[in-house]
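Numbering (the UniProt record's numbering), first residue to last: 1 to 67.
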């Protein structure tokens, strides 16, 4: 995201159970940005909001194999 982006407002997934599970945070101020909730100073991935919505829908529908 460019330096012109709004200051981040990170929100943890509502599916987080607080015990260090596999969760993401989304940036409510800059739609399409996500990061690993266990590594808040790590990399941020940026997608178009539409691409992120499509991924979330596919994951919720079980379209990805479990590792």
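By construction, the Cβ of each residue, glycine as well, lies at the ideal position given by its N, Cα and C atoms.
Cα-Cα separation between residue i and residue j, rounded to whole angstroms
| i | j | result |
| --- | --- | --- |
| residue 9 | residue 26 | 8 Å |
| residue 70 | residue 45 | This structure gives no information on residue 70, because the portion of the chain shown stretches from 1 to 67. |
| residue 1 | residue 29 | Note on residue 1: pLDDT 43, under 50, position unreliable in the model; the coordinate value appears next. Distance between the alpha carbons of residue 1 and residue 29: 12 Å. |
| residue 65 | residue 59 | 9 Å |
| residue 62 | residue 7 | 33 Å |
| residue 40 | residue 57 | 24 Å |
| residue 47 | residue 11 | 16 Å |
| residue 34 | residue 52 | 9 Å |
| residue 54 | residue 5 | 23 Å |
8 Å contact criterion, which residue i and residue j should meet: CB distance rounded
| i | j | result |
| --- | --- | --- |
| residue 49 | residue 31 | 4 Å |
C-beta atoms of residue i and residue j nearer than 8 Å
| i | j | result |
| --- | --- | --- |
| residue 13 | residue 24 | yes |
Quick check on the DSSP output: what are the complete beta strand (DSSP E) runs of length 3 or more inside the UniProt domain "DUF397" (8-59), in order along the chain? Whole beta strand (DSSP E) segments, 3+ residues: 10-12, 24-27, 33-36, 44-46.
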